[in-house]
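Data block below; observations after.
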Amino acid sequence: MTSISRLAALALLAAITFATLSPIQMRPHLSDANVERALAYALFGVALALGFRARLVQAMLFVCAVAGVLELLQVIDPGRHARLQDALLKAAAGLIGIAMGRIILAAAARAAR
């Protein structure tokens, strides 16, 4: 399961990077932009938590760094805008996803006993 979670985290990182840095008309639209951002980063956080169980602090720092760096990179595209509130939403959703992943791991450990 660890390998699958790591692969899922990598695929989600690629999708998030594409959606964040591609021209706005190429970005997939499923719902409200804030809902899309939060869902993507929460899933990314869950995948990181499941794939890197022993690296909680590194996963938390990584999801926050990805949110900040990708948001900042939007400055180079004139059709996009980098906003602190978007970066904070993404980082918070990623951290919530990590917490959800840790809860899943704890529940699975209890069920295995």
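The opening position of the sequence shown corresponds to residue 1 in our numbering, with each subsequent residue numbered one higher.
From the three backbone atoms N, C-alpha and C, an ideal C-beta is built for every residue, glycine too.
Buried or exposed (CB count within 10 angstroms, at least 16 for buried), residue i
i	result
Arg-113	exposed
Ala-111	exposed
Ile-98	buried
Ala-87	buried
Phe-18	exposed
Val-75	exposed
Val-66	buried
From the options, residue whose alpha carbon lies closest to that of residue i
i	options	result
Leu-84	Cys-64, Met-26, Ala-42, Thr-17	Cys-64
Thr-2	Val-46, Leu-13, Arg-27, Asp-77	Val-46
Pro-23	Ala-8, Leu-73, Ala-106	Leu-73
Gln-25	Phe-62, Ala-14, Asp-77, Ala-9	Asp-77
Gly-79	Ala-59, Thr-20, Ala-9, Ala-109	Thr-20
Residues of its chain near residue i, where Cβ-Cβ distance is below 6 angstroms and the 5 sequence neighbours each way are ignored
i	result
Ala-93	Ala-38, Tyr-41, Ala-42
Backbone CA spacing between residue i and residue j [nearest angstrom]
i	j	result
Leu-12	Phe-44	6 angstroms
Ala-82	Glu-71	5 angstroms
Ala-49	Leu-56	7 angstroms
Leu-16	Arg-53	One point to set straight first is that residue 16 is Ile, not Leu, in the sequence displayed. Distance between the alpha carbons of Ile-16 and Arg-53: 22 angstroms.
Ser-31	Ala-107	31 angstroms
Leu-95	Ala-59	9 angstroms
Ile-4	Gly-51	8 angstroms
Ile-199	Arg-27	Residue coverage of the chain in this structure runs from 1 to 113, which leaves residue 199 outside it and unanswerable.
Met-100	Leu-10	18 angstroms
Neighbourhood of residue i by C-beta, 7 angstroms cutoff - its chain only, sequence neighbours within 5 removed
i	result
Leu-89	Asn-34, Arg-37, Ala-38
Endpoints, the alpha helix (DSSP H) within which residue i is located
i	result
Ala-92	84-112
Leu-10	2-21
Arg-37	33-51
Met-60	56-73
Neighbourhood of residue i by C-beta, 8 angstroms cutoff - its chain only, sequence neighbours within 5 removed
i	result
Arg-6	Ala-47, Gly-51, Phe-52
Any chain C beta carbon closer than 7 angstroms to residue i
i	result
Leu-105	Absent here is chain C; the protein component of the structure consists of one chain.
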